[in-house]
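First up is the structure itself, then whatever we jot down about it.
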Amino acid sequence: MSPKLIARPALALLLAALVFSAPVFGQTRRHDLSVSYGALSIDQMSDILQDVLTVVLTFGTFNKTDTKYTGVPFLTYHYSGNSRFGFGVAVGTYKSSGTLQAGGEDAGTFEEQNTIGAVELDYRWVMRPGLQIYSGAGFGVRYRHGTYETDGSSEVNKFLPTFHINAIGVRFGRKVGAFFELGAGYKGVLSAGLNAQF
Numbered sequence: 476m477s478p479k480l481i482a483r484p485a486l487a488l489l490l491a492a493l494v495f496s497a498p499v500f501g502q503t504r505r506h507d508l509s510v511s512y513g514a515l516s517i518d519q520m521s522d523i524l525q526d527v528l529t530v531v532l533t534f535g536t537f538n539k540t541d542t543k544y545t546g547v548p549f550l551t552y553h554y555s556g557n558s559r560f561g562f563g564v565a566v567g568t569y570k571s572s573g574t575l576q577a578g579g580e581d582a583g584t585f586e587e588q589n590t591i592g593a594v595e596l597d598y599r600w601v602m603r604p605g606l607q608i609y610s611g612a613g614f615g616v617r618y619r620h621g622t623y624e625t626d627g628s629s630e631v632n633k634f635l636p637t638f639h640i641n642a643i644g645v646r647f648g649r650k651v652g653a654f655f656e657l658g659a660g661y662k663g664v665l666s667a668g669l670n671a672q673f
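Under the working numbering, the first residue of the sequence shown carries the number 476, and numbering increases by one thereafter.
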């Protein structure tokens, strides 16, 4: 048999396989990269819900007041071997700042930079072209670097555990899409962003 006689059917078979499997490719993911912005993380909520926010420095004990928080931006990468389950890492940060008081009087200011690193799992309940519905969870460490200005300057560093539960997420789009998530944890109660799957 000549190579030309073998090549034509092989090429036709390869072309047919690509054409008929195209809808399947639209529903798979291997690499999943997201940029998101969240509001009201569990770490911020724990600070807000405490009755008295205090910090102990070398100059004494101070109350935190007039605390302001930034949003919570995150960069997330997940790898999926079967499209449904994904495993990966997430890195994010946020700041808080405010006034320090001692004995009811303003005594200085503070600024805290929080950096979060976590490992995550997710599961896609619905995998359709243009629509995905999913849930997930993560666990990690929060590094807090605090700078406190009173009569003198003081710095305090802490490592704290943190977590996130993504109750439900909805993604619209094919290879690149927008998503919205509702959950509780380091990414915030509400989170939204852009996602690429390839």
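Beta carbons: idealized from backbone N, C-alpha and C, even for Gly.
Discussion item. For Thr568, tell me which candidate among Tyr623, Leu515, Arg505, Arg504 has the shortest Cα-Cα distance.
Written reply: Residue numbering aside, residue 568 sits at position 93 when the sequence shown is read from its first letter. Taking each of Tyr623, Leu515, Arg505, Arg504 in turn and checking the Cα distance to Thr568, the smallest one comes out for Leu515.
Worksheet item: Considering only residues of the same chain and omitting the five flanking positions on each side of Lys633, which have a CB-CB separation below 6 angstroms?
Response: Reading the sequence shown from its first residue, position 158 is the one you call residue 633. So the qualifying residues of the chain are Arg619.
Item to complete: Keeping to the same chain, check which residues put their C-beta closer than 6 angstroms to that of Phe549; ignore five residues upstream and five downstream.
Response: In the sequence shown, residue 549 corresponds to position 74, counting from 1. So the list reads Ser511, Ala565, Gly567, Lys662, once near-sequence residues are dropped.
Discussion item. Tell me the DSSP secondary structure of Ser516 in three-state form.
Written reply: Here residue 516 corresponds to residue number 41 of the sequence shown, with the count starting at 1. Coil.
Item to complete: State the DSSP-derived secondary structure class of Ser511, mapped to helix, strand or coil.
Response: In the sequence shown, the residue the question calls residue 511 occupies position 36. Three-state DSSP puts Ser511 in a strand.
Item to complete: Let me know if Lys650 comes out buried or exposed under the rule of 16 or more other beta-carbons within 10 Å of its beta-carbon.
Response: Translated into positions along the sequence shown, residue 650 becomes position 175. Result: exposed.
Discussion item. In this structure, how does DSSP classify Ser555 when only helix, strand and coil are distinguished?
Written reply: As a first step, residue 555 is located in the sequence shown; it is residue number 80 there, counting from the start. Correct three-state label for Ser555: coil.
Practice prompt. Below 6 angstroms CB to CB, which residues in the same chain sit around Leu635 once its five sequence neighbours on both sides are set aside?
Written response: Within the sequence shown, numbered from 1, the residue matching residue 635 stands at position 160. Same-chain partners within the cutoff: Arg617.
Practice prompt. Could you tell me which of Phe614, Phe638, Gly605, Phe562 sits nearest to Tyr552, measuring between CA atoms?
Written response: Taking the first residue of the sequence shown as 1, we reach residue 552 at position 77. Residue Phe562 is the option with its Cα nearest to Tyr552.
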